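In my numbering, the protein residues as written are 1 to 187.
In what follows, a structure is listed as structure tokens, so that the remarks can point back to it.
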Amino acid sequence: LDAWEDGFEGKLVKANRLLHDIIHQSGNNPLTIRAKALLINHLSRDNHYEKAFTLANELIASLPQITNPRARADALRNIVQMLGLARQYGKALDYAQQLKAARVPGESQCPAYQYEVNALADAGKLTVSSVELRKAIKLCLANNQVVYANTLRLDKAGLLIQQGSSNQAIALLQRIAPSIRKAAFQP
């Protein structure tokens with residue numbers, strides 16, 4: 001928890017040191033996997049891409065042995081992000097779909113659906129009428145995940161503009177503006 005908090009506060013050197021301690025001393029496989037996943041995030045945020053990719057490749061190799069749902073989801077999220085950064089969009093989409101299929105008890109599937117939509121967008125396979133986009137928005141709204149839903153709807157507005165439907169994009173933005181203001185989070 002301290003490592004997550006330090007990372008959230010931008011104290012990446014301290015957080016990474018704590019994560020390395022967990023990885024090397026824990027003996028708890030799910031905790032070790034989750035620490036590696038968080039370390040990947042921190043390393044990429046701190047522009048240590050080579051180390052982050054190396055760690056992501058380790059997680060990819062160990063995926064078949066990761067049975068803890070939360071640890072598996074954490075690993076998949078960070079693998080998807082790293083593959084997206086590497087512009088390996090097809091692989092990112094494959095792992096995003098694995099993330100969507102990996103259900104974590106008690107957690108909303110909304111973030112997993114957003115990872116899939118992002119991977120589709122990065123791969124140039126997302127359109128305004130994509131079923132995945134529609135399902136993701138619907139699921140996020142149904143699970144009261146407003147920030148995710150708004151981010152997805154902003155993506156949809158961008159797609160509308162790209163296809164030359166500026167008036168529809170403006171109408172969508174006007175409809176969701178109150179929700180964005182109420183959430184007080186600018187995606």
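Here a beta-carbon is modelled for each residue, glycine too, at the ideal position from N, C-alpha and C.
Source: prediction; values computed, not measured.
Using C-beta distances below 7 Å, list every residue in its chain close to residue 197, excluding the 5 sequence neighbours before and after it, in chain order.
Residue coverage of the chain in this structure runs from 1 to 187, which leaves residue 197 outside it and unanswerable.
C-alpha gap between residue 79 and residue 153, whole angstroms:
Computed Cα separation, rounded: 24 Å.
Can you confirm whether the stretch 126–141 touches the stretch 90–99 when touching is taken to mean that 3 or more C-beta pairs between the two stretches lie within less than 8 Å?
Taking 8 Å as the limit for Cβ pairs, the verdict is that the stretch 126–141 does not touch the stretch 90–99.
Could you give the distance in angstroms between the alpha-carbon of residue 25 and the alpha-carbon of residue 56?
Taking the Cα positions, residue 25 is about 20 Å away from residue 56.
Cβ distance (whole Å) where residue 102 is taken to contact residue 123 below 8 Å
About 20 Å; that fails the 8 Å criterion.
List the endpoints of the continuous alpha helix (DSSP H) containing residue 84.
Where residue 84 is concerned, the enclosing alpha helix (DSSP H) stretches over 69–85.
Measuring CB to CB, does residue 169 end up less than 7 Å from residue 180?
The Cβ atoms of residue 169 and residue 180 do not sit closer than 7 Å to each other.
I need the straight-line Cα distance from residue 81 to residue 51, nearest angstrom please.
Cα to Cα, the separation comes out at about 14 Å.
Pull up the distance between the alpha-carbon of residue 147 and that of residue 100, whole angstroms please.
Roughly 18 Å between the two C-alpha positions.
CB-CB under 6 Å to residue 34, same chain, minus the five flanking residues each way: which ones, in chain order?
Result list for residue 34: 71, 74, in chain order.
Who are the near neighbours of residue 137 in its chain, counting only those whose CB is closer than 8 Å to its CB and skipping five residues on each side?
These residues qualify, in order along the chain: 149, 152, 153, 156.
At which residues does the alpha helix (DSSP H) containing residue 176 begin and terminate?
The continuous alpha helix (DSSP H) containing residue 176 extends over residues 166–183.
Residue from 39, 119, 111, 98 whose Cα sits closest to the Cα of residue 53
Out of 39, 119, 111, 98, the CA that lies nearest to the CA of residue 53 is found in 39.
In terms of alpha-carbon separation, which member of 97, 108, 77, 119 lies closest to residue 87?
Minimum Cα distance to residue 87 is reached at 119.
Nearest-angstrom Cα distance between residue 19 and residue 44?
A straight line joining the alpha-carbon of residue 19 with that of residue 44 spans about 14 Å.
One question on the structure: do residue 110 and residue 143 come within less than 7 Å of each other, judged by their Cβ atoms?
The answer is yes: Cβ separation under 7 Å.
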